[in-house]
Every structure is written in structure tokens, then in C-alpha cells.
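Just remember that our numbering sits 20 ahead of the position in the sequence shown, which is counted from 1. Ideal placement from N, C-alpha and C gives every residue a C-beta, glycine not left out.
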Amino acid sequence: MLNDLAVRLSALSVFRNVLKDDVVSKMVKMFAEPSPFTCGEFCSALYAHTDNLTEYLMGVISEDENDYMLRHAQMKEIPQVMDTAAHEELKILGEAGAVTPMEVRACMSYDGYMAGWNTSPLDFHDIYARRMSELQTRGYGIFAKYYTFLLRDGIIVPVKNPDPQRLSQLSGYETERRKVIDNTKALLRGQPAANALLYGDAGTGKSSTVKAVVNEFKDDGLRLIEMKKSQLHEMPLVIEKIAKNPLKFIIFIDDLSFSSDDDDFGALKAVLEGSASSKTSNIVIYATSNRRHLVKEKYSDREGDDMHARDSMEELTSLSERFGLKVTFTKPNKDLYLRIVENLADSYGLECDKEELFSKAEAYALRRSGRSGRAARQFVEMMLSGQL
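Laid out in C-alpha cells, this is it:
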């Protein structure tokens, strides 16, 4: 029976990528050649994730990026033969996920110790149908399992332990943050949303705002892909990969600035101006910078033999104007700084006399680079650890 199941699994078409999974490939091998060795090999691979075969297999199926799922996501017509194949293959995979250690042992002439696993009574058809109905907010492939990503060697890779910062943990700059939140909500509703530049003093919460917004709306279908300035020439390829995805994406560029001869300047300019490869309604670019004018201009740049030097300089210094939304984060005054300190102390459960707290917070800011949201957080964390 198990050998027959292994043969049927090898004939998968819609879910063929599932067979490339390490645990699944060892499961198929165990079904084809039941032995203490193949069983131990399978269990070792499974234990690295879970002890439940049914749940693991359903997870792999749900995250599989196949043509059947892509057609559903893009609301394309699905051929009857493909729909039938998906239905039959889910039946086969459900049967595989229900195989118990006793059934494998029954196929061996072996009565010694053998590792085991658990199974669950899951309905693969029902779960997968529900999964298809949630594509607009949960996505598919790696975008279903993770919500924050980096670009590495041209490949979008997940951040498995992203910054957990939430909006409720941020204090101050409510007006500035509201502009970013409202723009993001427009994106999620499918309404026109602007590319945004968050600029201002260091430590004022520009990057934290973007990450907290993603954490807040990830369950509504929002994802973040962080890119370095040196990777901007790859942005058209990234946009092409996610343009037809039902989810909404923020492409995030932190601490952005250019020199006047920077090759990456043109790549960002083309995307912001809406080149043919960048027009898509499910993507916005959020960038942070300590500079309002993103291009570092030197007096020597104004010299030279360019006949239209003034036009060239205006092009360089006006890059920030190509962002539809610009939000300024300035260093907090004393009252705002102390309010941030007080709110953080309350959220962390720090018990301290208010006057003493404020006095120490001011002294800490003087020793640092001045008042800022970052200084307030560092101060409260040091108070909690007993270092102040």
C-alpha cells in the first residue's frame, strides 16, 4: 500500500514543488522503501520543524507557489483539467499526511525500536479552499509565511525575526505618523497612495514608524521589502516580481542620500517618475533620510563645463520633490522629549518619581547628542537595567 502511495505522489503535477521539500522527499522515500533507516532519516528531518506529519504537510502545501494558486490570486480562469488535478492531488497528499508509524512498521520485517510521529484529522480540501479565499490578505509562497524581507543577491529573502515595534509603543510625532498611516491605509484599500519621504533629525523615529506600520497592518495584506541604496538598480526587477501579487508592498530604503555622481540616483528617479516598469498600484516606496535634499551637493559641483549646469543641479537637488508625500521629523523640544520618556516608562512598567525621572532624562540627553526619541528609549532601557 505504501509503495503504491509513493508512486502516486511521484506523479503530482499541480503540487510538484512540494516533492522538493526535504521532509516530503524523505517521506516519499520511506513509503517507497520502508526500513528503519528511511524511517529514521524522515523523522530526523520532520523533528527539525514539528512532530506532526499532517500539520507539516498541510503547511508546505499552503505555502507552495504553484500555477493553480497564482491563477486564483490573479483571478484568472482555471482549466477544468487543472482543477481536477488539484482536487485529486489534495486527496493523495491528505492520504500521505494520515500515514501512521504503525502502518510503516507493518511493511517491515523489524520489531526493534523505531522513531514515530503524530498525525491529525485535517481536511486538506477544506483547508486549501479556505486558503485560496484568503489570498488577498495572506498571499502565497514566502509572502504567506513572512511579512518582512530583504534583497540578497537579487533574491527576495524573508527576515525571520523582524523588529516587533508596534504603533502603540511609539510616543510623540502623532501628526507626522498619522500621515504615513493614512497613506498606507489608502494603499491597502486599493486607492492611490503616494511614495513617501520621511526626513529629519536622527533618532526621531522615522524608521521605527515604517516598521511599526507594517507590523500593524501585516494581517491586512501589507508586506515590507527593505533595499539598500546600492541595490536600487535592481528595483525594476523587484517590482516586476511582486507587481501581480494580490498583497500590498512597501519598498523601504533607510537612510537615503546620494553623491552628485551616484549611479543609483537615476534608478530611483526613474521609478519615482513612473517609468513603464514601475507603474503598479500595489507598491509604494518609503524612504528615510536625515537630509531634505537627498543629493549631497558640493560647491565644486557648480563648476565645470556643463553648458546647462543650473538645470543639472536642479535635477539633483529636486529628487525629494518626486516623492508625493514628505513628512518632517524634527528633534523634540523639552516638553515633547519628557512626554516620550514618561510614556515609555509607563509602557515598560518603570516605577520612578516623575521629577527624578525627568531630571535624569534631561541629564542623559545632555550627555548624548541631544533630545530625541531614540535617546528617550535608550534612557528608559538603561534605567530598567539599573545602569542609571
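Identified DSSP bridge partners for residue i
{"i": "GLU362", "result": "Beta-bridge pairing links GLU362 to no other residue."}
{"i": "ASN72", "result": "ASN138"}
{"i": "VAL44", "result": "Paired residue(s): none; VAL44 is not in a bridge."}
{"i": "GLU154", "result": "DSSP lists no partner for GLU154."}
{"i": "LYS268", "result": "LEU242"}
{"i": "LEU218", "result": "THR308, VAL347"}
{"i": "ILE273", "result": "MET247, ALA307"}
Terminal residues of the alpha helix (DSSP H) in which residue i lies
{"i": "ARG397", "result": "393-404"}
{"i": "SER64", "result": "56-67"}
{"i": "PHE378", "result": "374-387"}
{"i": "TYR88", "result": "87-93"}
{"i": "ALA213", "result": "No alpha helix (DSSP H) holds ALA213; DSSP gives it neither H nor E."}
{"i": "LYS226", "result": "226-237"}
{"i": "GLU260", "result": "255-262"}
{"i": "ALA164", "result": "162-165"}
Extent of the continuous beta strand (DSSP E) run through residue i
{"i": "ILE175", "result": "175-178"}
{"i": "LYS346", "result": "345-349"}
{"i": "THR168", "result": "168-172"}
{"i": "VAL304", "result": "303-309"}
{"i": "LEU25", "result": "Unbroken run through LEU25 is the alpha helix (DSSP H), 22-30; no beta strand (DSSP E)."}
{"i": "LYS248", "result": "Here LYS248 belongs to no beta strand (DSSP E), and DSSP marks it neither H nor E."}
{"i": "PHE35", "result": "Element bounds for PHE35: n/a, residue is neither H nor E."}
Beta-carbon spacing of residue i, residue j below 7 Å
{"i": "THR309", "j": "SER277", "result": "First, the amino acid is wrong: residue 309 is Ser here, not Thr. Yes, the Cβ-Cβ distance between SER309 and SER277 is below 7 Å."}
{"i": "SER340", "j": "LEU242", "result": "no"}
{"i": "PRO182", "j": "PHE169", "result": "no"}
{"i": "TRP137", "j": "LEU73", "result": "yes"}
{"i": "TYR357", "j": "ARG388", "result": "no"}
{"i": "ARG151", "j": "SER82", "result": "yes"}
{"i": "SER186", "j": "ASN235", "result": "First, the residue type needs correcting, since residue 186 is Arg and not Ser in the sequence shown. Closer than 7 Å, so yes."}
{"i": "ARG394", "j": "GLY220", "result": "no"}
{"i": "LEU257", "j": "GLY159", "result": "no"}
{"i": "LEU142", "j": "MET78", "result": "yes"}
{"i": "GLU254", "j": "GLY161", "result": "no"}
{"i": "LEU252", "j": "LEU288", "result": "yes"}
{"i": "LYS264", "j": "GLN100", "result": "no"}
{"i": "MET431", "j": "LEU370", "result": "Absent from the structure is residue 431, since the part of the chain shown begins at 21 and ends at 408."}
{"i": "GLY200", "j": "THR157", "result": "Checking the sequence, you will find Val at residue 200 rather than Gly. No. Outside cutoff."}
{"i": "VAL233", "j": "THR195", "result": "no"}
{"i": "ALA116", "j": "GLY60", "result": "no"}
{"i": "ASN363", "j": "SER188", "result": "no"}
{"i": "VAL124", "j": "PRO56", "result": "no"}
{"i": "PHE35", "j": "GLU108", "result": "no"}
{"i": "ASN419", "j": "LEU292", "result": "This structure leaves residue 419 out entirely; the chain is present only between 21 and 408."}
{"i": "GLY80", "j": "ASP41", "result": "Sequence inspection shows Val at residue 80; the Gly mentioned does not correspond to that position. Yes, these two residues count as a Cβ contact at 7 Å."}
{"i": "TYR166", "j": "LYS238", "result": "no"}
{"i": "PHE51", "j": "LEU25", "result": "yes"}
{"i": "THR104", "j": "THR120", "result": "no"}
{"i": "ASP173", "j": "LEU208", "result": "no"}
{"i": "ILE303", "j": "PHE343", "result": "no"}
Any non-hydrogen atom of the ligand COA closer than 6 Å to residue i Cβ
{"i": "ARG394", "result": "As far as ligands go, the structure on display features none, and thus does not contain the ligand COA."}
Curious, which full-length alpha helix (DSSP H) runs of at least 4 residues does the region 95-122 contain? 100-117
Any contact between the region 21-34 and the region 45-58? By contact I mean 3 or more CB pairs, one from each, below 8 Å. yes
Specify whether the region 261-278 and the region 298-307 touch according to this definition: at least 3 beta carbon pairs, one from each stretch, less than 8 Å apart. yes
Does the pairing of the region 395-402 with the region 373-385 give three or more beta-carbon distances under 8 Å? yes
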